[in-house]
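Notes follow once the structure below has been shown.
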Amino acid sequence: MAVRLGDIAPDFTQDSTDGPIHFHDWIGNGWAILFSHPKDFTPVCTTELGAVAKLKPEFDKRNVKVIGLSVDPLPDHREWSKDIEETQGAKLNFPLLADADRRVSNLYDMIHPNANDTLTVRSVYVVGPDKKVKLTITYPASTGRNFEEILRVIDSLQLTSDYKVATPVNWQHGDDCIIVPAVSDAEADTAFPKGYRKVKPYLRITPQPNLP
Ligand code: BEZ
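Residues in the sequence shown are numbered from 9 upward in steps of one, following our numbering.
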């Protein structure tokens, strides 16, 4: 069954390059991103895993743990990780699930038979500290993901979970935000001490509230 926003992320135990992972325990009290790869020793995945390894400090800063998945066994992962280091100049610094039995792929509906019977698509799940799914993205095998965009969404998810704001088109950390319609003007007057600009009754712009 499809995993939808707001669902509890399915829990699992599966082998990984860092040993067995009990997913919910491994997440702990922070955030997590789980992302799948069609197969080991594939070129696009190799570039993605190298890029994520380089971005790991950015995920750490946001208290987000990173975990990848590929439907191949652990010995293949270990061999492949040498190639990733050699070709991408970055060592795998997060666990990669060895999902040869497809336990996790099936749980998260990562195999789309009309796209490919055996390979997983490029799925991304962001999970919050409450273990609920906050974001899902699905890319085809032929298109590598943009992990800078995923960091941008995480910034928005974390901001909007703490403040009654939404983030507008192409928003980046530091840009102005939108006060959510459920907040009355009277409430906004006290909740947003930096003030806001009322462009329309439903479009109220305020500086990003968690910045000095
Ligand atoms: C890749 O990761 O390069 C890839 C995997 C499956 C199909 C196409 C490309």
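By construction, the Cβ of each residue, glycine as well, lies at the ideal position given by its N, Cα and C atoms.
Neighbour-count burial assignment, residue i, 16 or more Cβ in a 10 Å radius
{"i": "A190", "result": "exposed"}
{"i": "V207", "result": "exposed"}
{"i": "Y210", "result": "exposed"}
{"i": "D80", "result": "buried"}
{"i": "L42", "result": "buried"}
{"i": "H30", "result": "exposed"}
{"i": "D107", "result": "buried"}
{"i": "P46", "result": "buried"}
{"i": "P220", "result": "exposed"}
{"i": "S192", "result": "exposed"}
{"i": "M118", "result": "buried"}
{"i": "S131", "result": "buried"}
Whether residue i touches residue j by CB criterion (8 angstroms)
{"i": "V11", "j": "Y133", "result": "yes"}
{"i": "A59", "j": "K140", "result": "no"}
{"i": "W234", "j": "N71", "result": "Outside the displayed range of the chain (9 to 220) lies residue 234, so it cannot be described from this structure."}
{"i": "I213", "j": "D184", "result": "yes"}
{"i": "N124", "j": "D170", "result": "no"}
{"i": "T55", "j": "G152", "result": "yes"}
{"i": "D48", "j": "D23", "result": "no"}
Nearest-angstrom Cβ-Cβ length linking residue i and residue j, presumed shorter than 8 angstroms
{"i": "L77", "j": "S44", "result": "5 angstroms"}
{"i": "K73", "j": "N101", "result": "Wrong, their Cβ atoms sit about 11 angstroms apart, outside the cutoff."}
{"i": "V129", "j": "P148", "result": "6 angstroms"}
Separation of residue j from residue i, as counted between CA atoms
{"i": "L105", "j": "G14", "result": "24 angstroms"}
{"i": "T25", "j": "D109", "result": "15 angstroms"}
{"i": "D197", "j": "G36", "result": "36 angstroms"}
{"i": "H120", "j": "T175", "result": "31 angstroms"}
{"i": "T21", "j": "P28", "result": "7 angstroms"}
{"i": "W179", "j": "H32", "result": "30 angstroms"}
{"i": "T144", "j": "K62", "result": "22 angstroms"}
{"i": "V135", "j": "K142", "result": "6 angstroms"}
{"i": "V173", "j": "K90", "result": "44 angstroms"}
{"i": "P137", "j": "D68", "result": "14 angstroms"}
{"i": "T126", "j": "R160", "result": "31 angstroms"}
{"i": "F200", "j": "L57", "result": "40 angstroms"}
{"i": "T168", "j": "Q216", "result": "10 angstroms"}
{"i": "M9", "j": "N114", "result": "8 angstroms"}
{"i": "I75", "j": "N122", "result": "26 angstroms"}
CB contact check: residue i to chain D, cutoff 8 angstroms
{"i": "P51", "result": "This model lacks chain D altogether; it includes just one protein chain."}
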